[in-house]
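2 protein chains.
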Amino acid sequence: MTSNHIIVLDNRPQGEATTSNFKLITAETPELQDGQVLVRHHFLSLDPYMRGRMNESKSYAVPQPLGQVMIGGTVGEIVQSLNPKFKVGDQVVGMGGWQNYSVVDANIVGALRKVDTTNVPLSHYLGAVGMPGVTAWYGLVKIIAPKAGETVTVSAASGAVGSAYGALAKARGCRVVGIAGGKDKCDYVVNELGFDACVDYKEHQDAASLSKALKQACPNGIDGHFENVGGMVLDAVMLRANAFSRIAVCGMIAGYNGAPLPMSNPAFILMNRMKIEGFIVSEHMEVWPEALHELAEMIASGKLRPRESVAQGLAAAPEAFLGLLKGKNFGKQLVKLV
Amino acid sequence: MTSNHIIVLDNRPQGEATTSNFKLITAETPELQDGQVLVRHHFLSLDPYMRGRMNESKSYAVPQPLGQVMIGGTVGEIVQSLNPKFKVGDQVVGMGGWQNYSVVDANIVGALRKVDTTNVPLSHYLGAVGMPGVTAWYGLVKIIAPKAGETVTVSAASGAVGSAYGALAKARGCRVVGIAGGKDKCDYVVNELGFDACVDYKEHQDAASLSKALKQACPNGIDGHFENVGGMVLDAVMLRANAFSRIAVCGMIAGYNGAPLPMSNPAFILMNRMKIEGFIVSEHMEVWPEALHELAEMIASGKLRPRESVAQGLAAAPEAFLGLLKGKNFGKQLVKLV
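Chains A and B are the protein sequences, given in the same order. FYI, the numbering for the first sequence is 1 to 338, going by this note's numbering. FYI, the numbering for the second sequence is 1 to 338, going by this note's numbering.
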């Protein structure tokens, strides 16, 4: 038994989420049963989808239960094992939640995956070579399916999904244009991530103004878009969408906290014969091996060098998570736990 | 040379379209050149897409030029021919426009198609066995692609597209639920077209109320929807859409006359992993033979018995067209010209 710190959801947000929705508790880890392992988490991943789980209302997933450890992806090492397939020292990625340790039945398919850190830093298995990377891959490759020479865009371009999307789109011969908040992020998207251009949405008050900036950045219009945000950004992109354009909808972060955000002019779906498709990457496990292989190669070869925002210690997780929802992070948001 | 009556677009609508946007003129038909035929129109088709063409603003098609004959589908007979492939008396479908006669270069591929009225009345080639029928077929078969047992819905259910959609969906083992305006239309949709249920949108003030009625009519939710209208109807359908549901967007009739109609809650696209796709049937000519074959069989066998609203004489076309935009027609809107 090991002393464990755990963050649970204490109560559901009324409107905007706050740190008081969470509670940090201490407990001993349960004794291992046959087949189980004890994982010490090195990093916890913070992701926008968690905000959806905090609500009781209809979402695409089961709500986070009150009083239980917050859901979350983790990477760490096996520190105790009653499972012949895992030995102490193995590095693993899993869904350990907001806590320092987790006890996992390692016989459950997909519960833990061993990873190799020879060429890929451990934390990247929560980002570019993990769920966010595969998310970018699925939206780009399976929904947008761009041809070389097409223009594709992505909101939240400096984040974990956006940076992987940019590298994957460049590898397919696309013009790739980011949308991000602030000059620093936009400079990073162009200068470090290698996007062809980046538009700062914070410089624009409305969709019409943002759409003018997109017109400059996308002189041939937009053939594919990956939506992480919704609202004004989506409206502006639709004003520039070409005939037969495709939009992969992965996030509607701007809508979680308040009234639903409308789509201003769905008539463009008809006028431009668009396809708009929502997806959740965990429902497409069949693509993960192919996607992870390409993403790991990009990291190993230096074609993809994603940035990370790292908060220190479990107690810092709620504040870092709320910052993420407001776009305060810069790159993949992690919490370092060791 | 034959004396011809022609309706031209005289000026563009400011807001709502009115009869004063149109002008009826008289002219002699031009003398036939080699390869041309003179077609006497029996029926003119009136369709919502024409409203879009009346605007100068961006649409999916070239605007209707001012001072020229209004675009429109027609069926008629060859009354004079300088083309060896067509003889006097042949019955043909084409895009003759709002006029009594048209001179057509019959060598242009697709300009005229000979039709057989042994088992299918001539007028139906403008409806169930024409563009509206193929439109229903494409949206249902190629975008919604329903499995037997799924629930599919359609707005403007009593119209030419809706009635074909219902028969095609029943033939595929679906539960099919219509949405239409008024008790008469809803009774017709269920009793004569054979839908499983029909919801009267005019009984509802908002999407929430309409969505409750849809819940009753669709106890297992909605797997596929064919959208002819947009606005409140689309919002209500999205509130009942199942995971992995598909919406084929064919019309946004409610938005043509005024401010763009928003989609209230696009977050459902993500939450329910929906696919929403706009299409124009004339861009998918490859499916027409297969679709027309199935539709003609359904008419011949009596499985599809669409209703027609027939206005008498070319001069009645503008009024009938404006009525169509307001849902005053009952079934496929035609103008009888002979």
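We treat Cβ as the ideally placed atom computed from N, Cα and C, and that holds for glycine.
Residue i classed as buried or exposed, judged by whether at least 16 other C-beta atoms fall within 10 angstroms
i      : result
A/G166 : buried
A/A300 : exposed
B/N21  : buried
A/G94  : buried
A/N100 : buried
B/N107 : exposed
B/G110 : exposed
B/Q333 : buried
B/A264 : Reading the sequence as shown, one finds Ser at residue 264 of chain B and not Ala. Under this definition B/S264 is a buried residue.
B/A277 : Note that residue 277 of chain B corresponds to Glu in the displayed sequence, not to Ala. Classification for B/E277: buried.
A/Q64  : buried
A/M285 : exposed
A/V152 : buried
Residue span of the alpha helix (DSSP H) that contains residue i, given as start and end
i      : result
A/I269 : A267 to M271
A/V199 : That residue, A/V199, is in no alpha helix (DSSP H); its beta strand (DSSP E) goes A197 to D200.
B/L210 : A207 to A217
A/Y101 : Note, A/Y101: premise wrong, no alpha helix (DSSP H); beta strand (DSSP E) at Y101 to D105.
B/G127 : Unbroken run through B/G127: none, as it is neither H nor E.
A/L168 : A160 to A171
A/G97  : Run containing A/G97: none; DSSP gives neither H nor E here.
Residue i to residue j span [Cα, whole Å]
i      : j      : result
A/G67  : A/A243 : 49 Å
B/H42  : B/D184 : 28 Å
B/T135 : A/E294 : 40 Å
B/P146 : B/A291 : 16 Å
B/K212 : B/A180 : 15 Å
A/L324 : A/D105 : 31 Å
A/L337 : A/T19  : 19 Å
B/K85  : B/Q36  : 10 Å
B/V115 : B/L122 : 8 Å
A/L314 : A/G159 : 21 Å
B/P360 : B/A316 : Because chain B spans 1 through 338 in this model, residue 360 of chain B falls outside it and cannot be assessed.
A/L24  : A/A17  : 16 Å
A/G302 : A/E308 : 15 Å
A/A311 : A/V335 : 5 Å
B/H225 : A/Q33  : 50 Å
B/R12  : B/G52  : 11 Å
A/V8   : B/V62  : 58 Å
Residue i: contacting residues in chain B (beta-carbon distance under 9 Å)
i      : result
A/F226 : The contacting residues do not exist; A/F226 stays about 12 Å from chain B at best.
A/M252 : P266, A267, I269, L270 and M271
A/K332 : Result: empty, since nearest Cβ-Cβ is about 21 Å, beyond 9 Å.
A/K362 : With chain A covering only 1 through 338, there is no way to say anything about residue 362 of chain A.
Residues that residue i contacts on chain A, provided the C-beta gap is smaller than 7 Å
i      : result
B/R240 : Chain A residues near B/R240: none, gap ~12 Å exceeds 7 Å.
B/M263 : P262, M263 and P266
B/K114 : Result: empty, since nearest Cβ-Cβ is about 30 Å, beyond 7 Å.
B/K303 : Under the 7 Å cutoff, chain A gives no residues; its nearest Cβ is about 29 Å from B/K303.
Residue range of the unbroken beta strand (DSSP E) whose run includes residue i
i      : result
A/N242 : A241 to V249
A/Q80  : T74 to S81
A/I7   : S3 to L9
A/S301 : First-last for A/S301: undefined, no H or E at that position.
B/D223 : I222 to E227
B/R175 : R175 to A180
A/F22  : F22 to E28
B/G278 : K275 to G278
B/G151 : Correcting the residue identity first, residue 151 of chain B is Thr in this sequence and not Gly. Taken as a continuous stretch (DSSP letters only), the beta strand (DSSP E) holding B/T151 covers T151 to S155.
A/A315 : A/A315 -> no beta strand (DSSP E), and no H or E assigned at all.
B/K114 : L112 to K114
Supposed contact pair residue j and residue i - C-beta distance, whole angstroms, cut 8 Å
i      : j      : result
B/S81  : B/V88  : 6 Å
B/G251 : B/E227 : 7 Å
A/L261 : A/V233 : A/L261 to A/V233, Cβ: 10 Å. No contact.
B/C174 : B/C186 : Actually they do not touch by this definition, with Cβ atoms about 19 Å apart.
A/A320 : A/L46  : 6 Å
B/R240 : B/L214 : 5 Å
B/F279 : B/M238 : Not really, about 19 Å apart at Cβ, beyond 8 Å.
B/M1   : B/T26  : Their Cβ separation, rounded to whole angstroms, is 12 Å, which puts B/M1 and B/T26 out of contact at 8 Å.
B/K275 : A/K275 : 7 Å
Contact list for residue i against chain A, beta-carbon separation under 8 Å
i      : result
B/G230 : P266 and A267
B/V249 : P266, I269 and L270
B/K215 : The premise fails here: B/K215 is roughly 13 Å from chain A at the closest Cβ pair, so nothing lies under 8 Å.
B/K85  : None at all; the shortest Cβ gap to chain A is about 33 Å.
B/K142 : In chain order: nothing, as chain A lies at least about 12 Å away.
B/K183 : What B/K183 touches in chain A: nothing, since even the nearest Cβ is about 29 Å away.
Within chain A, partners of residue i - CB distance below 9 Å
i      : result
B/K147 : Result: empty, since nearest Cβ-Cβ is about 18 Å, beyond 9 Å.
B/K202 : By Cβ distance, chain A contributes nothing, its closest Cβ being about 22 Å from B/K202, past 9 Å.
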